[in-house]
Amino acid sequence: MSKVWLITGSSRGFGRSLAEAVLAQGDQLVATARKPEQLEDLVDRYGEQIHTMELDVTNMLQAEAAVQAAATTFGRLDVLVNNAGYANISAIEETTMEDFRSQIETNFWGVVQVTKAALPVLREQRSGHIFQFSSIGGRSGAPGLGPYQAAKWAVEGFSEVLAKEVDPLGIKVTLIEPGGFRTDWAGSSMEHVTPSEEYKNTVGLLLKYVRESSGNQPGDPSKAAQAILTIADEEYPPLRLLRVSTDFYINDLDDEISRFMNLD
Numbered sequence: 040m041s042k043v044w045l046i047t048g049s050s051r052g053f054g055r056s057l058a059e060a061v062l063a064q065g066d067q068l069v070a071t072a073r074k075p076e077q078l079e080d081l082v083d084r085y086g087e088q089i090h091t092m093e094l095d096v097t098n099m100l101q102a103e104a105a106v107q108a109a110a111t112t113f114g115r116l117d118v119l120v121n122n123a124g125y126a127n128i129s130a131i132e133e134t135t136m137e138d139f140r141s142q143i144e145t146n147f148w149g150v151v152q153v154t155k156a157a158l159p160v161l162r163e164q165r166s167g168h169i170f171q172f173s174s175i176g177g178r179s180g181a182p183g184l185g186p187y188q189a190a191k192w193a194v195e196g197f198s199e200v201l202a203k204e205v206d207p208l209g210i211k212v213t214l215i216e217p218g219g220f221r222t223d224w225a226g227s228s229m230e231h232v233t234p235s236e237e238y239k240n241t242v243g244l245l246l247k248y249v250r251e252s253s254g255n256q257p258g259d260p261s262k263a264a265q266a267i268l269t270i271a272d273e274e275y276p277p278l279r280l281l282r283v284s285t286d287f288y289i290n291d292l293d294d295e296i297s298r299f300m301n302l303d
């Protein structure tokens, strides 16, 4: 039986790859983005199989509207994918509080809000699967990514608790912890503050690594999308999905950075 999906951040990166894969296998999709006009090509291709909406995940009213759109347009909600997020690179000392709060707001509170909006529908159905996009950085910190990784660590704890609370209700939770994939994460989505002299050998090296690897990461988001589709069909899915492609595995972001910095 086909599924009804709701994906946040559907216009690019993992969200776009997953949206295309979901539609290609015949499922129905509520695809959300800050700029839903970027999804018009999918509407042209798939018609009534897709419903697009504007969604700023920090806006609770928009989050609730997106969930209700799935329930009213397609009759139910089977899979929620909290994908929307972004990172900026700067030393903690040199990160403005505005930027710090903004990253936490989107990457953590946005996940909480969309999840809470979906739970009443999933609970009433006694079924559903919530995929939370975390990061390998939700397990290991890297210099320059303080706000982003703080948020991802929070997502990890939140999702572990959530999984235990909702399992008796028939709702499954899976954390996705990708490493380096060819998405826009390190491209136009990312801003950075050129580090001061004091941080050039920590944050500066991370920034150099990210710039040089952007667009050339070994991970293929289309393969990650297929892995997520497979997990969504499992009766007993894992809490964590670290290996999200058939030929790419990152055990630890520190290993990558250390090799780049020749510290090993």
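In the working numbering, the protein residues as written are 40 to 303. C-beta: ideal position from N, C-alpha, C; glycine also.
Residue i - partner residues in DSSP beta bridges
i    : result
G167 : I210
I215 : F172 and L280
I128 : H231
Span of the beta strand (DSSP E), counted from its first residue to its last, around residue i
i    : result
W44  : V43 to I46
Q67  : Q67 to A72
M92  : I89 to E93
L201 : Run containing L201: none in the beta strand (DSSP E); it sits in the alpha helix (DSSP H), G185 to V205.
L278 : Counting along the chain, L278 falls outside any beta strand (DSSP E), and DSSP gives it neither H nor E.
L119 : V118 to N121
Close-in-space but distant-in-sequence residues of the same chain around residue i (CB under 8 Å, 5 per side omitted)
i    : result
E195 : S173, G177, R178 and L214
Sequence-distant residues of its chain with Cβ nearer than 7 Å to residue i (five each side left out)
i    : result
V160 : V106, A110 and L116
A108 : V69, H90 and M92
E230 : N127
A58  : I46, S49, L68, A70 and L81
I143 : P186, A189 and A190
Other residues of its chain near residue i: CB distance less than 6 Å, five sequence neighbours each side excluded
i    : result
V232 : S129 and E133
S198 : Q171, V212 and L214
S56  : P260, S261 and A264
L119 : L45, A157 and I169
V242 : A130, P182, G183 and P234
Contact belief for residue i with residue j at Cβ below 8 Å, rounded distance in angstroms
i    : j    : result
F113 : Q188 : Contact doesn't hold; Cβ gap of about 35 Å is too wide.
A126 : V96  : About 15 Å separates the two Cβ atoms, so there is no contact after all.
F147 : A190 : 4 Å
L268 : Q64  : 6 Å
L94  : Q101 : 5 Å
A202 : L278 : 6 Å
Near the ligand ADP: residue i beta-carbon under 7 Å from a heavy atom
i    : result
S129 : With respect to the ligand ADP, the structure shown offers nothing to examine, as it has no ligands at all.
Endpoints, alpha helix (DSSP H) assigned at residue i
i    : result
V305 : No information on residue 305 is available, as it lies outside the stretch 40 to 303 that the chain covers here.
V232 : That residue, V232, is in no alpha helix (DSSP H); it is neither H nor E in DSSP.
K262 : P260 to A271
Q77  : Q77 -> no alpha helix (DSSP H), and no H or E assigned at all.
E103 : M99 to F113
E137 : M136 to I143
Any C-beta of chain D under 8 Å from that of residue i
i   : result
T71 : The structure shown contains no chain D, having only a single protein chain.
Do three or more CB pairs link the region 141-151 to the region 78-86 at distances below 8 Å?
The region 141-151 is not in contact with the region 78-86.
For the 8 Å Cβ check, are there 3 or more pairs between the region 40-48 and the region 59-76?
Yes, since at least three Cβ pairs between the region 40-48 and the region 59-76 fall closer than 8 Å, the two stretches touch.
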